[in-house]
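**Q** Our numbering numbers the first residue of the sequence shown as 96 and each following residue consecutively.
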Amino acid sequence: MLTIVATPIGNLGDMSLRAIEALKACDLILCEDTRTSSKLLNHFSISKPLKAYHDHSKDTDRDAIIGQLKEGKSICLISDAGSPLISDPGYKLIKLCQEHGLDYTTAPGASSLIAALQLSGLPSDQFYFGGFLEAKEQAKTNQIETMLNLEATLIFFETAKRIQSTLKVLENLSPSRNVAIVREITKKFEQVLV
């Protein structure tokens, strides 16, 4: 069985008992970066084989994983931080599990998306998650413009390097819209800027 395991987004105390148990019981852990994941696993005294699985993984990699699942292996999928498949690799693997009739489950936990919404002070009854914004300014402007008509709180991931240019785009497109920047969630220097 494949288990999608959420990892902490900053504070290691946010790792669930169920997630720890799943990782300790599995045969293999798929992760974005083996170095980052090793630190997390060492903290919880988990020693399991790691295999890199990311956006650049090939179809042959996924086929090999499906083969192991068919053999009865227990595999966990983790991301560097937060919930796998939320702006992280993995959806192709889940689709293959569905196509092959293989069981999969989740050990849910920390989600930067939900934590940011909670901390933002913006309406949370309806929201839209747009993932990572485009890097090029015109593409980013077009992306945001198409979503401004939604009657919902808009949530995006953005890099620290591009946040200033993104704020300028938002100000030009919708100067009266409330904006919250939430960063370093669950960490010592957590900030909410409104």
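Just so it is clear, CB atoms sit at the ideal spot from N, CA and C, and this is done for glycine as well.
Which residue wins for smallest C-alpha separation from D226, given the options R272, D175, I250, N137?
**A** Rather than Asp, the amino acid found at residue 226 in this sequence is Gly. Selected option, being the one with the closest Cα: I250.
**Q** Going by DSSP, what residue range makes up the beta strand (DSSP E) through I239?
**A** Run containing I239: none in the beta strand (DSSP E); it sits in the alpha helix (DSSP H), 232-242.
**Q** Can at least three beta-carbon pairs, one atom from the segment 162-175 and one from the segment 125-140, be found at a separation below 8 Å?
**A** A contact exists between the segment 162-175 and the segment 125-140.
**Q** Between the alpha carbons of A366 and L214, how many angstroms are there, rounded?
**A** Nothing can be reported for residue 366: it is not among the residues displayed for the chain, which extend from 96 to 289.
**Q** May I ask which residues mark the beginning and end of the beta strand (DSSP E) holding A210?
**A** Looking at the DSSP string, A210 is not in any beta strand (DSSP E); the run it does join, the alpha helix (DSSP H), is 207-215.
**Q** Could you please give me the residues that DSSP links to C121 through a beta bridge?
**A** The partner list for C121 (beta bridge, DSSP) is empty, contrary to what the question assumes.
**Q** Looking at Q213 and the ligand COA, is the gap between the Cβ and the nearest heavy atom below 7 Å?
**A** No copy of the ligand COA occurs in the structure displayed, which carries no ligand at all.
**Q** Out of curiosity, what's the CA-to-CA distance linking L212 and Y148?
**A** About 28 Å.
**Q** Give the DSSP bridge partners of C171, in chain order.
**A** Partner(s): T98, I124.
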